[in-house]
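Heads up: the sequence lines are chains S, E and U, in that order. Per the working numbering: the first sequence = residues 1 to 634. Per the working numbering: the second sequence = residues 1001 to 1634. Per the working numbering: the third sequence = residues 2001 to 2634. Every residue gets a Cβ at the ideal spot worked out from N, C-alpha and C, and that includes glycine. If you're wondering where the values come from, they're calculated on a predicted model, not measured in any experiment. Data first, discussion second: the structure below is written as structure tokens.
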Amino acid sequence: MKRALGVCYYPEHWPEEMWAQDAVNMVEAGISWVRIGEFAWSRLEPKEGLFEFDWLDRAIATLADAGLKVVLGTPSATPPRWMVEKYPKMLAIDDQGRPRMFGSRRHYCHSHAGYCDAAAVMARRLGKRYGRDGRIAAWQIDNEYGCHDTVLSFSDAARDAFRNWLAQQYQSIDALNRAWGNVFWSMEYANFEQIELPLLTVTEPNPAHVLAFRRFASDQVVAWNAAQVRVLRPLTDAPLIHNYMGRVTEFDHFALARDLDIASWDSYPIGFLSDRLEGDALHKARYLHQGDPDMQAFHHDLYRSLNGGRWWVMEQQPGPVNWAPYNPAPMPGMVRLWSWEAFAHGAEVVSYFRWRQVPFGQEQMHAGLRYPDDTVAPGLEEVRQVAEELAGMPEVVPAQAPVALIFDYASDWTWKTLPQGADFDYFRLVFEAYRALRRQGLSVDILPPDVADLKDYRIILAPGLAQVSDALQERMTGSSARCLVGPRANQVTPDLSLTVPMGPNLENLDVTVRRVESLPPGTKRPVEDGGAVVHWAEHLDGTADVQLADYDGRAVLVGSGSIRYLGGWPDPALWERIIGALAEEAELKLTPVPQGLRLRDTGSHRFAFNYAPEPVIWEGHELPPAGVAWWPLP
Amino acid sequence: MKRALGVCYYPEHWPEEMWAQDAVNMVEAGISWVRIGEFAWSRLEPKEGLFEFDWLDRAIATLADAGLKVVLGTPSATPPRWMVEKYPKMLAIDDQGRPRMFGSRRHYCHSHAGYCDAAAVMARRLGKRYGRDGRIAAWQIDNEYGCHDTVLSFSDAARDAFRNWLAQQYQSIDALNRAWGNVFWSMEYANFEQIELPLLTVTEPNPAHVLAFRRFASDQVVAWNAAQVRVLRPLTDAPLIHNYMGRVTEFDHFALARDLDIASWDSYPIGFLSDRLEGDALHKARYLHQGDPDMQAFHHDLYRSLNGGRWWVMEQQPGPVNWAPYNPAPMPGMVRLWSWEAFAHGAEVVSYFRWRQVPFGQEQMHAGLRYPDDTVAPGLEEVRQVAEELAGMPEVVPAQAPVALIFDYASDWTWKTLPQGADFDYFRLVFEAYRALRRQGLSVDILPPDVADLKDYRIILAPGLAQVSDALQERMTGSSARCLVGPRANQVTPDLSLTVPMGPNLENLDVTVRRVESLPPGTKRPVEDGGAVVHWAEHLDGTADVQLADYDGRAVLVGSGSIRYLGGWPDPALWERIIGALAEEAELKLTPVPQGLRLRDTGSHRFAFNYAPEPVIWEGHELPPAGVAWWPLP
Amino acid sequence: MKRALGVCYYPEHWPEEMWAQDAVNMVEAGISWVRIGEFAWSRLEPKEGLFEFDWLDRAIATLADAGLKVVLGTPSATPPRWMVEKYPKMLAIDDQGRPRMFGSRRHYCHSHAGYCDAAAVMARRLGKRYGRDGRIAAWQIDNEYGCHDTVLSFSDAARDAFRNWLAQQYQSIDALNRAWGNVFWSMEYANFEQIELPLLTVTEPNPAHVLAFRRFASDQVVAWNAAQVRVLRPLTDAPLIHNYMGRVTEFDHFALARDLDIASWDSYPIGFLSDRLEGDALHKARYLHQGDPDMQAFHHDLYRSLNGGRWWVMEQQPGPVNWAPYNPAPMPGMVRLWSWEAFAHGAEVVSYFRWRQVPFGQEQMHAGLRYPDDTVAPGLEEVRQVAEELAGMPEVVPAQAPVALIFDYASDWTWKTLPQGADFDYFRLVFEAYRALRRQGLSVDILPPDVADLKDYRIILAPGLAQVSDALQERMTGSSARCLVGPRANQVTPDLSLTVPMGPNLENLDVTVRRVESLPPGTKRPVEDGGAVVHWAEHLDGTADVQLADYDGRAVLVGSGSIRYLGGWPDPALWERIIGALAEEAELKLTPVPQGLRLRDTGSHRFAFNYAPEPVIWEGHELPPAGVAWWPLP
């Protein structure tokens, strides 16, 4: 496994006379990759048609001369002011009908053809100039799709494109009316031009309407990205990359990744803990300076699947950030820990955001590896340490994990559209399963529902997966694994009407869901002998073996052999029982770990990471807070 | 007392070949009424002027042939898409100035003349075709006025109609300026055309302006309904009904009911507990699967007054719903309990929503009596039981309750407009009084403030009633009852300026309110010897006998003889003391009941309902959770 | 020290036949000033160009004849309806892009030239008629600038004016682009016309953009006020006053005051406690009927600085108000306490809002000194007592306080723009320092950062001051005081980019801030030997003496001699330690007071005020709740 360090750099932010020394300093710190250009449109084309690439030529030369490989970004995430003057309708419209204005970034609607073309023209310019330039060793297209809630846009362009998309999907308005059940509440349409985007309705719009819009919106992101891929592919052989965000689920990353070569993501553990994770105050206080122990690994394992195992961390948090509600500093050692955790999960490159904190603009309070006065920030010392450790570390062999966890973007859209309980969230459900697995010391692969091969897994979980296809069931039962689906498996069609009867329609498992109930916070259905169902409880019917039941005798987990159906949302204690039972049948050894310790096995080594604020001794290794250890597997 | 069961049915949702068996199954379950048609406009008139009644003819025939009586709904709550194309300005505008778009239901402004006429034209078409058809035994006009916050609309149509309404009310702009006190803050108008709707003002608008708008808006709903009544009356002799909602107070139900024959309402006990009732977490967890023990009875007693005692439950919750933040399932037995509670309070018909859960549209997760696959859902078993019990139950005689509680929609608007404390809510105040009465085992009649006759009551409460008219005072003092008014009695004029001095201006009771104060949650004024004033405390002046005082010696309850004035908002312990004292003077026996048990006396029987999650033994009868019992009164 | 009482009066609200008796009653109660006219535009100019001053002439005559001095208000806070018809674009636009409509008050944008001119024309009319009239002893311009969030407006007029303002500030668009760092995210502009107001951006706008807009908005308020000053100055010799609000920080009061003669403010202690102060439930319940013990004094001490010590309370709460979420009544004695507290802090006049509660309009529930029926309300009794006490009270000599606390409006805008932690609030930080000083019995002067002279102070605190200028440092070190700056001192430039290195750049104090972190509620960094850092923690570097450090050995307070740098936000216990240490070095005696007791020393007397709900004995004086005492200083 080839591993390297990188850094994000903005030559346009700094005097040209600093570039050469910066490059030298990067190399000296053990960095070999540098990403540039992704926000520089106003410098590359200050006026429409006036292109200025000279400065970029010189920047690339300076960086490459020092020995760095360059990732060049297309700047479409930051259309300049003149572009918005040219295309005022390119701005996205929010779900209250308001334009999302110029003055920050990502101020465009993915459905606006004029701007999509303009972005492709810019990509072509860059491709023509640098596509065959060996110093450009990779490309990044756009930046953080979906960040700042930018997938759904309610613009005129989106509305028109949605109508076209619907016409293609359904062919006739009668088919759409039937598929959506528009006879309900007299919502029937006479033609596609009558269909508006689902906003500001008196009460909730038809969920079929909303889900179609979400599917469409995801397709628009994929198409938007593909437009730049189309122009770059003929012009370069370097790999094409996008940098995804954490817990952005509004577009299908698997679908988008098909057009790219390497997945990457932007990992901000402390910002994410504050900004986008459930958790009680104690949990958030405990991990305040470390980040959640599972959030990073979850995304590593997820994004590893997007392009056949090729993935990077494109932006790694190097110190305090600026954008979360609260922005504490990382505990000393965490930058190293996060870096090693990424490598342990298979990253090729860990690239830090950013070389030097720039003292202006929206992110002036966002740390870099160097302070604005060019002195060394704490993160850089840890980067150096990682570089040295990488150099001394023997090859580690990637390996399939014993556990597969299915993640499906469409399921997220489905349950966001039809939550039925205010706190039903698909990502949260899958993430809690992931955490439960990791608390048993397990390594996990996170896979899409259409994964081709599952046969060597010992446990396969697909919690909350909306569509459990026949093909997936076959692959599950064709494996030697113990598999679990549910809750909410096959309860709705892809168009979002209920299946009749209401799922899960599993081969060789006689179970039907009769009714469901959502439970408010603070209430639960205790399960016999320990654990409880929270948030979501189903009433199951059928002859399938009951493995777990609540105190009213209602089945919670049914099935035997290879497939189980889970009729509720488990609390942590119940997840532990479920995983314990599956592992026992699968003859898979569990390694329960102390709170905050996490393990990751590669083919050759076991890695241990201590997210806890107290030291841990594990398998003979002493890990201080923020400690990392690895040793060969037997 | 004639009592029957009904069900809501949507033939347009199901294949025609299912209709006949559905009808047979309804009758077999003991159902005799079926409501249809109220959302079917897109099937009755798929294009403007293209009417298709054949399917409805066949549906009616099929249902009637099985022995069912039909309630036919006018479909004006769901104008079809083409109607909105024809009248884009028919959409209501919300209080942020945004249109409330097509795509769900109730997407119309009550002030839009074009759509009002169109709805009347449809009603006439239906009336002409079915008005003399004996199989149509009742009509429902529109559906759930006010649901989804649809009374107040800030549209151009509403603005123009409001100006006309004001011109009629005040005759001259000077009169309006004086009545509203527009000299305050230079808000004087030169003509009615200068008056805008009260939205988006810099700080709060003149309360007189807001209250006038609320009165107007209520009148518009009444007029809207009357427009359809006007066309239907000459065409049919069947009774006209509307189905009200729970805790919708934005229009005057008493005023609207004057144009109708039977009141009905849609009772969703578990949804309402989650969605629209105050209550701490313990209360909500305790009644999670039962609903609040007083919410249903309150509305039964209220709506019973609207049309001289003739009232139905038009939609009874049959299982989990879909629209509350959380949607738990009813405890087994609750569908039966709710049904019997309605009958005990005098319902003629209890009609369940809905026959079969439809697997598409907004309410696909809303239970029916049958599952989407046409198997029997738990609710239907309980319906059968109710039907059998009804058949075997001897006639029960309606009777006036010993207690009258006054409820006044205008008071609700008044205190919403001028709350003075953020949590002052009229409905809540009256509801807490109702709960306190019921915890003493009392049966209650809820009456409008202009009720003609009060003389046989033993206790009359009018908490929070804004306008205590001379006529009402006369009827109170002319009765043998102990009466209580206040807080906030006669403190403001109907135009919403303060009375001078500030109320309550009661005959034979020398008490004046000098100043008032609102108290934040968690604070209170304890009353000597028990209980406390919360939310609202008045400083009373005058020579009236002080019955209760706080520890600073400030009077809380004053008066003797027939009328008391209450100068604050009582907590439950204080209500208990107040009711105890009134009952003792009235020689009315109280029957304090255990938490969750409720009683209802008819002329012949006492009914007991156990909402508690634990069993109760009462007067020799054992009531399990969800238990119902009745026995003859001595 | 000349001291007098006043009252706010609205002759236009009352029948003319009441005026004379009202005036007599005012004088009889000990009142000598009366403010009128500030909301009366619709009566002064009912139609455009139709002026009606007769009634005002008569009102002034009536009041003056009784012996009252008149403060005459310009009515520009309440433009009449016809004005908005004439200038529909004069309405402010909120940060969601919505117009802020006619129907209450302050419905204008400070940048609208047409309305600004119209207001000046009205001021000229008034000035010409009454400017040389000796009965008009003072003028009030407009009313409560900034109230109801009316400083920032996103109107077209504001946008155009902002562009002009920017052009003047930066001269060239390149200079602006550089100053704002617009190269970041390609936000560069080609000309000033491309710059929009910072609203509805996809993610946060450039903080430089926002801060410029806030500075501009403050300037617009100052200019708006100056436009009326310009026309009034030549027409009158009476002092010009504005009545500021509590905790309104969106415009620079020091800058605005330069055009005026006397500062005044509107003190609503109980409304403010409920409406605009942080504090846990216990604190708010304890002071529910008294108001916060430091809020009034803070504003007294702040506004005293605006015009060289000349200041009034223009509106003093006389009883319950109507506009806070909850509106409890003052404890008996509090109106007296508040009045005396103002005088103890140097007020010339305490004027009550309002003479008589008017029974209509938005403030009908707002108390006056008399009830709507003209009977005496409790506040008036206390006013009488104050009047008597004033008459018998010997002259008290104003004196400089031993402690100076710097308050800077621009710092508030700076940290609102770049909070970095969701609860970082400048006012709150300074207010907590003020409270800590007062809990040690200290009297305080609150001064602007450009104060000319600081030399006689013993302690000078400038917590959170964004720009610690060289001049201020010189004045600090040139004094004999122990001085404290930080946190966040000199970390950003006035344009809002980071200083490099990141502050504080203090003479003779080697300390640099390397990184900062914001801490969520419930977390803290304990300091060795007591107290903790909350909300905000800095990582300090340098050789300055460490006075206090946290348990990780990180410096929290550094420096010796005259200037200290504070690298965090202290909790109350840490403030106590810091003030204790500074006082000890400054040889300043502290007088720790019981909870709720506050002291104020003039040159001749010590005053004590008991805000606590329990009695306190202090220096031999017994103070009941709401008690006031004073005695000569030795």
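Spell out whether any CB of chain E is found under 9 Å from the CB atom of residue i.
i: S/Asn182; result: yes
i: S/Glu16; result: no
List, in order along the chain, the chain E residues whose C-beta lies closer than 7 Å to that of residue i?
i: S/Ala422; result: Pro1325, Tyr1326
i: U/Trp2082; result: Ala1190
i: U/Ser2104; result: Trp1185, Thr1201, Val1202, Thr1203, Glu1204, Pro1205
Shortest alpha-carbon distance to residue i belongs to which of the options?
i: E/Glu1012; options: E/Asn1177, E/Pro1320, E/Trp1055, E/Gln1021; result: E/Trp1055
i: E/Arg1354; options: E/Val1383, E/Phe1343, E/Glu1196, E/Pro1328; result: E/Val1383
i: S/His242; options: S/Glu28, S/Asn307, S/Gln168, S/Gln220; result: S/Asn307
i: E/Asp1237; options: E/Ser1218, E/Leu1260, E/Glu1048; result: E/Leu1260
i: E/Leu1380; options: E/His1289, E/Gln1317, E/Ala1471; result: E/Gln1317
DSSP state of residue i, grouped into three classes?
i: U/Lys2128; result: helix
i: E/Thr1236; result: coil
i: E/Tyr1565; result: strand
i: E/Ile1141; result: coil
i: S/Met1; result: Reliability of the predicted coordinates at S/Met1 is poor, the pLDDT of 49 falling under 50, and no value is obtained from them.
i: U/Glu2584; result: helix
i: E/Gln1547; result: strand
i: E/Val1468; result: coil
i: S/Val183; result: coil
Below 7 Å on C-beta distance, what does residue i contact in chain U?
i: E/Leu1519; result: Tyr2326, Pro2328
i: S/Gly49; result: None at all; the shortest Cβ gap to chain U is about 13 Å.
For residue i and chain S, any beta-carbon pair shorter than 9 Å?
i: U/Val2527; result: no
i: E/Thr1375; result: yes
i: U/Glu2204; result: yes
Interface residues of chain U around residue i at Cβ under 8 Å?
i: S/Ser274; result: Pro2520
Kindly indicate if chain U contains any beta-carbon less than 9 Å away from that of residue i.
i: S/His283; result: no
i: E/Ala1555; result: no
i: S/Met1; result: Any reading at S/Met1 is ruled out, since the residue's pLDDT is 49, under 50, leaving its predicted position unreliable.
Identify the contact partners of residue i in chain S, using a Cβ-Cβ distance below 9 Å as the criterion.
i: U/Trp2165; result: Residues of chain S passing the Cβ test: none, with the nearest at roughly 17 Å.
For a contact defined as C-beta to C-beta under 8 Å, what are the partners of residue i on chain S?
i: E/Leu1277; result: Here the premise fails: no neighbours, minimum Cβ distance about 13 Å.
Alpha helix (DSSP H) runs wholly inside the segment 2278-2361 of chain U, at least 4 long, in chain order:
2281-2286, 2295-2303, 2334-2344
Entirely enclosed alpha helix (DSSP H) segments - the segment 1067-1093 of chain E, minimum 4 residues:
1081-1086
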